[in-house]
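All remarks here apply to the structure that follows.
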Amino acid sequence: MSSNTSSTKDLLIEIGTEELPPKALQTLSNAFTAGVVDGLKKASLEASEVISYAAPRRLAILLKDVPVKQADQSVERKGPAKAAAFDADGNPTKAVEGFARSCGVAPQELEEIETPKGTWLIFKQEVAGKSTSDLVPEIVSQSLAKLPIPKRMRWGASDIEFVRPVHWIVMMQGSDIIEGEILGVASSNTTKGHRFHHPDAITITQASTYAEQLRTTGHVIASFNERRDEVRKQAEAAAKTLGGIAQLDDALVDEVTALIEKPIAVSGSFGEEFLDIPQECLISSMQDHQKYFPVVDDSGKLLPYFITTSNIDSINVDAVRQGNERVIRPRFADAKFFWDQDCKVTLESRRDASKKIVFQQKLGTLYEKTERVAKLAGFIADELSTDKQNAIRAAELSKCDLSSEMVNEFAELQGIMGRYYAEKDGENTDVANAMHEQYQPGFAGDVIPTGMTGKVLSLSDKLDTLMGIFAIGMKPTGSKDPFSLRRAALGVLRIIIEGELSLDLKALLQNAATGLKDKVDADDAVNDTFKYIMERLPAYYKDQGIDAETVEAVASLRPTHPLDFDHRVKAVAAFKALPEAESLAAANKRISNILKKVDGNIAETVDESLLEEQAEKALYQSVKAQQEKVAPLFASGDYSSALTSLAGLRDDVDSFFDGVMVMADDEKLKNNRLALLNQLRNLFLNIADLSRL
Numbered sequence: 004m005s006s007n008t009s010s011t012k013d014l015l016i017e018i019g020t021e022e023l024p025p026k027a028l029q030t031l032s033n034a035f036t037a038g039v040v041d042g043l044k045k046a047s048l049e050a051s052e053v054i055s056y057a058a059p060r061r062l063a064i065l066l067k068d069v070p071v072k073q074a075d076q077s078v079e080r081k082g083p084a085k086a087a088a089f090d091a092d093g094n095p096t097k098a099v100e101g102f103a104r105s106c107g108v109a110p111q112e113l114e115e116i117e118t119p120k121g122t123w124l125i126f127k128q129e130v131a132g133k134s135t136s137d138l139v140p141e142i143v144s145q146s147l148a149k150l151p152i153p154k155r156m157r158w159g160a161s162d163i164e165f166v167r168p169v170h171w172i173v174m175m176q177g178s179d180i181i182e183g184e185i186l187g188v189a190s191s192n193t194t195k196g197h198r199f200h201h202p203d204a205i206t207i208t209q210a211s212t213y214a215e216q217l218r219t220t221g222h223v224i225a226s227f228n229e230r231r232d233e234v235r236k237q238a239e240a241a242a243k244t245l246g247g248i249a250q251l252d253d254a255l256v257d258e259v260t261a262l263i264e265k266p267i268a269v270s271g272s273f274g275e276e277f278l279d280i281p282q283e284c285l286i287s288s289m290q291d292h293q294k295y296f297p298v299v300d301d302s303g304k305l306l307p308y309f310i311t312t313s314n315i316d317s318i319n320v321d322a323v324r325q326g327n328e329r330v331i332r333p334r335f336a337d338a339k340f341f342w343d344q345d346c347k348v349t350l351e352s353r354r355d356a357s358k359k360i361v362f363q364q365k366l367g368t369l370y371e372k373t374e375r376v377a378k379l380a381g382f383i384a385d386e387l388s389t390d391k392q393n394a395i396r397a398a399e400l401s402k403c404d405l406s407s408e409m410v411n412e413f414a415e416l417q418g419i420m421g422r423y424y425a426e427k428d429g430e431n432t433d434v435a436n437a438m439h440e441q442y443q444p445g446f447a448g449d450v451i452p453t454g455m456t457g458k459v460l461s462l463s464d465k466l467d468t469l470m471g472i473f474a475i476g477m478k479p480t481g482s483k484d485p486f487s488l489r490r491a492a493l494g495v496l497r498i499i500i501e502g503e504l505s506l507d508l509k510a511l512l513q514n515a516a517t518g519l520k521d522k523v524d525a526d527d528a529v530n531d532t533f534k535y536i537m538e539r540l541p542a543y544y545k546d547q548g549i550d551a552e553t554v555e556a557v558a559s560l561r562p563t564h565p566l567d568f569d570h571r572v573k574a575v576a577a578f579k580a581l582p583e584a585e586s587l588a589a590a591n592k593r594i595s596n597i598l599k600k601v602d603g604n605i606a607e608t609v610d611e612s613l614l615e616e617q618a619e620k621a622l623y624q625s626v627k628a629q630q631e632k633v634a635p636l637f638a639s640g641d642y643s644s645a646l647t648s649l650a651g652l653r654d655d656v657d658s659f660f661d662g663v664m665v666m667a668d669d670e671k672l673k674n675n676r677l678a679l680l681n682q683l684r685n686l687f688l689n690i691a692d693l694s695r696l
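The opening position of the sequence shown corresponds to residue 4 in our numbering, with each subsequent residue numbered one higher.
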């Protein structure tokens, strides 16, 4: 092995395995890298740059410029006080003997140190730093042991466990091999290339040449990001030659990237007769079953083509294309059969089938749920003065597609197929669209329903679920949320706020609770459910750059209308940017503290004849003027304009606190000033509790 006197070297670690789970590859890579970096950091060894590699058969890390050894350290241990270390005859006590023994020296070899508390004995030792090569094997083993692997497997006759069988280990420092054994495999400087194009061993000459040697000799692009970019680029180019656009779902691109070592895009086609089937069915089949990228036109309409990514650079591309085309045809034929069968009956005729599908044991069947949702949807429609019959009809049909052949095969198409079946049956357009929109928003960043019927149905469905699950005592705990109540709660808030619906959330929950009376007494769970939903708001606003104290300032007033809550939060956030905000927030806090200490009731009116100081007279006139000015603004919900107006009180408020003694000896003066402060505080409490800022 070569020797190198430089203080740093590149460090390479590679774990060679059988094909790793594609959907877990990035998670495993990130966790492995983090574990190794953390282990080195704890050993006072840090790299100037860290590069992760992740491919189907390997997890690897290149750490640049890692010190070849730890720095020497001066270790100092404090022992007993000198007074307790020796007896009257000067002989060492048991305390000092034990301390010296633990340090590996005689008591006479200990040093003394003077402190404000007296003289103490200490042990000093220079500890030589360990070489990086001695530390790396254990750091790697520890990182691998902590990987988030739900189920580990064994192979051969060994008891060693890992996510997949391990076949080779590379650990190198510069050009030197780091000796060690990881998961039962001895380390070396040899890796393996592409499973088919270069299955033979490849000797890595330097840690820094790892990726390039794999690319040129081994036909493997080790970098996940580079491989993903190549998958995208090739798919886009292939689709362009077909006159279309590749539909590249991010999750599918990542999965394909994790399945191949070197991407080769191959295009294929299918019969145009299949385009009569709803395109979501074909796209779902291509993406989920075959890992193909669909090709669409500029308007998003599916074209009779697909792009597959091969792991083999075949000399006969036509054979690869034809093989993939042969595989997709039977799947599309199945989809066509399901569609044709489903179209033989109406969506409404499937309602009876939902009587046999249990939603939740204590809450009944899906049929019973849709009956409750229909009543709640009618109530909400009345509140919003929108089409009540459409809302009820949409609720009644909302779960009918779950018993269709297509949804049974492609569960992710629930709602989407409901829309197609409703359109086929000639249902109202808003009703048909609501079949799909009821599930929106379905994930972080998803859109809310666009149609009013869709908004009403989505709200009703989510509120019935939330109210029902809370009523039977199954609210989420920790990370367990089997009914996705967190997502439903946030969805309710987003629909009301972003859909600009003037609705009282507590009244909606009370109505939902009434609908559940045949199954469970839900009235007592209304407050808990309301609180749970509103607790989603701090995170919702955090994503918009609004801090928690602003939200708390509004939440402390316990508004029950989420849209009104939103208007208040936005107004307070804008108010905080004003130059007067800090002073008025402090004044509100001061007033709040003063009023908390008052025993008994505070007068609601101010006796103008008792105002003595000029500062209190000025504040009284300003408060009186603001009361008249902002009353119509409060009534119309224009909180931003109201707060901007109230900001004009700052100078009078500051002058009041500078020149007026609130807790005067004269009881009448004191109570009158408290009444004035109470009126001032109540002005702001019409919007938020600014003392929380």
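Here a beta-carbon is modelled for each residue, glycine too, at the ideal position from N, C-alpha and C. None of the values given here were measured: they were computed from a predicted structure.
Helix, strand or coil for residue i? Go by DSSP, reduced to three states.
{"i": "Ser6", "result": "At Ser6, the pLDDT of 38 sits below 50, so the modelled position is not reliable and the matter cannot be decided from this model."}
{"i": "Met156", "result": "strand"}
{"i": "Val663", "result": "coil"}
{"i": "Ile185", "result": "strand"}
{"i": "Glu258", "result": "helix"}
{"i": "Gly82", "result": "strand"}
{"i": "Leu23", "result": "coil"}
{"i": "Glu117", "result": "strand"}
{"i": "Leu305", "result": "strand"}
{"i": "Glu17", "result": "strand"}
{"i": "Asn681", "result": "helix"}
{"i": "Ser313", "result": "strand"}
{"i": "Ser226", "result": "coil"}
{"i": "Ser559", "result": "coil"}
{"i": "Gln2", "result": "Because the chain here runs from 4 to 696, residue 2 falls outside it and cannot be looked at."}
{"i": "Lys195", "result": "strand"}
{"i": "Glu552", "result": "helix"}
{"i": "Gln698", "result": "The first residue shown for the chain is 4 and the last is 696, placing residue 698 beyond what the model contains."}
Is the beta carbon of residue i less than 8 Å from the beta carbon of residue j?
{"i": "Ile172", "j": "Ile18", "result": "yes"}
{"i": "Glu264", "j": "Asn228", "result": "no"}
{"i": "Glu351", "j": "Ser272", "result": "no"}
{"i": "Leu470", "j": "Thr532", "result": "The question names Leu, yet the displayed sequence has Met at residue 470. Yes, these two residues count as a Cβ contact at 8 Å."}
{"i": "Asn689", "j": "Phe637", "result": "yes"}
{"i": "Val434", "j": "Arg375", "result": "no"}
{"i": "Arg266", "j": "Val223", "result": "First, the amino acid is wrong: residue 266 is Pro here, not Arg. No, Cβ-Cβ distance for Pro266 and Val223 is not below 8 Å."}
{"i": "Arg489", "j": "Pro479", "result": "yes"}
{"i": "Val143", "j": "Val169", "result": "no"}
{"i": "Ala576", "j": "Ile536", "result": "no"}
{"i": "Arg60", "j": "Glu22", "result": "yes"}
{"i": "Ala574", "j": "Leu693", "result": "no"}
Is residue i a contact residue of the ligand GDP, with contact defined as CB to any heavy atom under 7 Å?
{"i": "Val557", "result": "This structure lacks the ligand GDP; in fact it carries no ligand of any kind."}
Along the chain, where does the beta strand (DSSP E) that runs through residue i open and close?
{"i": "Thr1", "result": "Outside the displayed span of the chain (4 to 696) sits residue 1, for which this structure offers no information."}
{"i": "Arg61", "result": "61-70"}
{"i": "Gly271", "result": "267-272"}
{"i": "Phe89", "result": "No beta strand (DSSP E) contains Phe89, which DSSP labels as neither H nor E."}
{"i": "Gln176", "result": "169-176"}
{"i": "Phe362", "result": "361-363"}
{"i": "Thr206", "result": "204-206"}
Specify, as a first and last residue, the run of the alpha helix (DSSP H) that residue i falls within.
{"i": "Glu615", "result": "Per DSSP, Glu615 belongs to no alpha helix (DSSP H) and is neither H nor E."}
{"i": "Ala377", "result": "369-387"}
{"i": "Ser55", "result": "Careful: Ser55 lies outside any alpha helix (DSSP H), inside the beta strand (DSSP E) at 52-58."}
{"i": "Ile500", "result": "488-501"}
{"i": "Pro140", "result": "135-148"}
Which one of the options has the shortest CA to CA distance from residue i?
{"i": "Glu616", "options": "Met664, Ala58, Glu100, Ala63", "result": "Met664"}
{"i": "Ile419", "options": "Ala580, Asn431, Arg396, Gln443", "result": "Gln443"}
{"i": "Pro140", "options": "Glu552, His292, Pro83, Val39", "result": "Val39"}
{"i": "Ile207", "options": "His200, Thr194, Phe199", "result": "Thr194"}
{"i": "Glu701", "options": "Arg332, Ala249, Asp257", "result": "The structure shown has nothing for residue 701, since the chain only spans 4 to 696."}
{"i": "Ser406", "options": "Arg354, Lys154, Ile180, Asp343", "result": "Arg354"}
{"i": "Ala650", "options": "Ala678, Met455, Lys579", "result": "Lys579"}
{"i": "Asn675", "options": "Thr608, Asp661, Asp655, Asp657", "result": "Thr608"}
Cβ pair count under 8 Å reaching 3, the segment 72-87 against the segment 125-135: yes
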